[in-house]
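Residue numbering for the sequence shown follows this note's numbering, beginning at 2 and increasing consecutively.
Where is the CB? At the ideal position from N, CA and C, for every residue including glycine.
First the structure, in the form of structure tokens, and then the observations on it.
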Amino acid sequence: MTIHNLSTKRSFLDRYFAFKENKTTLKTELIASFTTFITMVYIIFVNPKILGDAGMDSQAVFVTTALITGIACMAMGIIAKLPIALAPGMGINAYFAYVLVNSMGLSWQTGMTLVFMAASGLFLLSIFRLRYWMIANIPVSIRIGVSSGCGLMITLIGLHNAHIIVADPDTMVRLGDPTTIPFVLGCLSFLIVAILAQRKWNSSILISFIIVTLIGWVVDPDVVYHGIVSLPPDISGVVGQLNFDNIFEISLLGIIISVMLINLFESSGTLIAVTDKAGLADQYGRYPNQERSLYIDSASSALGSAMGTSAVTAYVESASGIAVGGRTGMMALGVGVLFIASIFLSPLEKMVPLYATTGALIYIGVLMASDLARVKWDDLTEAVPAFVATIMMPFSFTITEGIATGFITFVVMKAGCGKFKDLTACSVIMAMLFLARYIFL
Numbered sequence: 002m003t004i005h006n007l008s009t010k011r012s013f014l015d016r017y018f019a020f021k022e023n024k025t026t027l028k029t030e031l032i033a034s035f036t037t038f039i040t041m042v043y044i045i046f047v048n049p050k051i052l053g054d055a056g057m058d059s060q061a062v063f064v065t066t067a068l069i070t071g072i073a074c075m076a077m078g079i080i081a082k083l084p085i086a087l088a089p090g091m092g093i094n095a096y097f098a099y100v101l102v103n104s105m106g107l108s109w110q111t112g113m114t115l116v117f118m119a120a121s122g123l124f125l126l127s128i129f130r131l132r133y134w135m136i137a138n139i140p141v142s143i144r145i146g147v148s149s150g151c152g153l154m155i156t157l158i159g160l161h162n163a164h165i166i167v168a169d170p171d172t173m174v175r176l177g178d179p180t181t182i183p184f185v186l187g188c189l190s191f192l193i194v195a196i197l198a199q200r201k202w203n204s205s206i207l208i209s210f211i212i213v214t215l216i217g218w219v220v221d222p223d224v225v226y227h228g229i230v231s232l233p234p235d236i237s238g239v240v241g242q243l244n245f246d247n248i249f250e251i252s253l254l255g256i257i258i259s260v261m262l263i264n265l266f267e268s269s270g271t272l273i274a275v276t277d278k279a280g281l282a283d284q285y286g287r288y289p290n291q292e293r294s295l296y297i298d299s300a301s302s303a304l305g306s307a308m309g310t311s312a313v314t315a316y317v318e319s320a321s322g323i324a325v326g327g328r329t330g331m332m333a334l335g336v337g338v339l340f341i342a343s344i345f346l347s348p349l350e351k352m353v354p355l356y357a358t359t360g361a362l363i364y365i366g367v368l369m370a371s372d373l374a375r376v377k378w379d380d381l382t383e384a385v386p387a388f389v390a391t392i393m394m395p396f397s398f399t400i401t402e403g404i405a406t407g408f409i410t411f412v413v414m415k416a417g418c419g420k421f422k423d424l425t426a427c428s429v430i431m432a433m434l435f436l437a438r439y440i441f442l
């Protein structure tokens, strides 16, 4: 390639991504890409472990996780031109594996189909411009309760994976054996993440992952080294395995709505937060190519579930790339390329023990539960619904019940206290739907 061609290529990138207008350069964007990749690469190791617990082929999920993350990031970069990375969501994958499959007894194919239906519904909401109408009309207390409840449930899953909390026939649950390897290394993984995150290390989760896996390799006979690089394994066992038999039963409607709302809150909130940090959003949360980003986000979720990786969402780790100067879609494009290249690292996935995911799960739980600080605790019509939604998720071990009881409690509290002006059409409709589910199903 000649120097002239290189110059032309750079000129095209400058124009397409508007480097000059966004006060950035190609070098800065590439550094931001690598930074973001390092902070969120843990997902290609965590996601297979979690979905593997649902009976899926973890090696195949490793590859499809890297592929869908790469595709979604590149689409966001090229089409929406935004510095936002996407990947399978940590809340949805845990809900899918431990609730839909392990607790409710659904096959993973049926569970993944429910996630696909929810993602498709979110895509339709985006097309008909109803997505932000829903966000604007769903009570803040319910949003907080959903986020915090998900955080507590994910935390419980993390504690269970390391045998820190175990089942007990007399007291329901109890502390596990503190002398076991999973218990000790699970606690260590969380402490490493928490300390490094407080010290502003962007790669805290990845570093914890590496340290705990290496220690496990030394002290745990079940942790075996299988190499670093190999050709990607066969993915046909997880791709295109959706099962639509009996999927339209009314009893499954609540699950579809729950998954859709979780993805709605998580992804939309992250999109606004990250673009605001990049200086792209206005005071109303609007940012360039907003509609395109919503289409890509929801379409990626549908594609992700069809590929066997659960719903895809925008990642707050994008902020790490923005912190070092990333401002355009070139950053997301670079992240996507790096994830596509990582499909050759599948041998490392075999080596990672399940308890190495504990730190990531509990830390994400901490972040999600922090929303409780925004609850108006002096107003019980707001505090009670948020509290009910929060506690019902981990205690019933299902996000659906948390959302349902949260909406019903909100409407009853507001109506009972005469605050009818606070009731929106969206909240009343949702409460009625969930109430009908309890009465007739």
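| Asked | Found |
| --- | --- |
| The beta strand (DSSP E) enclosing Pro183, as first and last residue numbers | It is not in any beta strand (DSSP E) - Pro183 instead sits in the alpha helix (DSSP H) that spans Ile182 to Gln199. |
| Proximal residues to Leu436 (C-beta, below 7 Å), its chain only, five neighbours per side dropped | Ile409 |
| Neighbour-count burial assignment, Asn247, 16 or more Cβ in a 10 Å radius | exposed |
| Buried versus exposed call for Lys82 [16 or more other C-beta atoms within 10 Å across all chains shown] | buried |
| Inter-stretch contact at 8 Å, needing at least 3 Cβ pairs: the region 132-147 / the region 304-321 | no |
| Span of the beta strand (DSSP E) around Thr111 | Segment Trp109 to Ile128 is the alpha helix (DSSP H) holding Thr111; no beta strand (DSSP E) there. |
| Strand pairing of Val174, partner residues [DSSP] | Ala168 |
| Whole runs of the beta strand (DSSP E) within the region 283-361, excluding any shorter than 3 residues | 313-315 |
| Three-state secondary structure (DSSP) of Pro89 | strand |
| Closer than 7 Å: Gln60 CB and nearest the ligand COA heavy atom | In terms of ligand content, the structure shown is empty, and the ligand COA therefore cannot be addressed. |
| Alpha carbon of Phe124 to alpha carbon of Ala405, nearest angstrom | 22 Å |
| Euclidean distance between Cα positions of Met113 and Ala195 | 32 Å |
| Where His161 sits in the DSSP three-state scheme | helix |
| Range covered by the alpha helix (DSSP H) that runs through Tyr439 | Ala426 to Phe441 |
| Rounded C-alpha distance that separates Val336 from Asp379 | 44 Å |
| Own chain, CB closer than 6 Å to Tyr296, minus 5 neighbours either side, in chain order | Ser127 |
| Classification of Ala342 by the beta-carbon crowding that lies within 10 angstroms, buried from 16 upward | exposed |
| Contact under 8 Å by Cβ, Glu350 with Phe63 | yes |
| CA-to-CA distance, Lys201 to Trp134, given in whole angstroms | 35 Å |
| Chain-order list of residues whose beta-carbon lies under 7 Å from that of Val240 (same chain, five-residue window excluded) | Thr65, Met308 and Gly309 |
| Alpha helix (DSSP H) runs wholly inside the region 363-426, at least 4 long, in chain order | 381-397 and 400-417 |
| Run of the alpha helix (DSSP H) containing Gln60, from where it starts to where it stops | Ser59 to Ala76 |
| Minimum C-alpha distance to Met118 - residue among Asp169, Asn264 and Val167 | Asn264 |
| Per-residue DSSP class, three states only, for Lys24 | coil |
| Neighbourhood of Thr40 by C-beta, 6 Å cutoff - its chain only, sequence neighbours within 5 removed | Asn203, Ser204, Glu318 and Ser321 |
| Cβ neighbour criterion (16 or more within 10 Å) applied to Cys418 | exposed |
| Nonlocal neighbours in the same chain, by C-beta distance under 6 Å from Thr111, ignoring five residues either side | Asn244 |
| Pick from Leu368, Pro183, Ile258 and Gly146 that is closest to Asp459, judged by C-alpha positions | Nothing about residue 459 can be reported from this structure: the residues present for the chain run from 2 to 442 only. |
| Close-in-space but distant-in-sequence residues of the same chain around Ala390 (CB under 7 Å, 5 per side omitted) | Ile143, Gly146, Val147, Gly150, Gly403, Ile404, Thr406 and Gly407 |
| Phe13 burial status per 10 Å Cβ neighbour count (16 or more: buried) | exposed |
| Whole-angstrom distance between Ile206 and Arg1, CA atom to CA atom | There is simply no residue 1 to check, as the chain begins at 2 and stops at 442 in what is shown. |
| Beta carbon of Gly78 nearer than 8 Å to that of Gly330 | yes |
| As assigned by DSSP and simplified to three states, the class of Lys50 | helix |
| Under 8 Å between C-beta atoms of Gly305 and Pro89 | yes |
| Pick from Lys420, Asp423, Val412 and Phe421 that is closest to Val429, judged by C-alpha positions | Val412 |
| Beta-carbon spacing of Tyr356, Phe191 below 8 Å | no |
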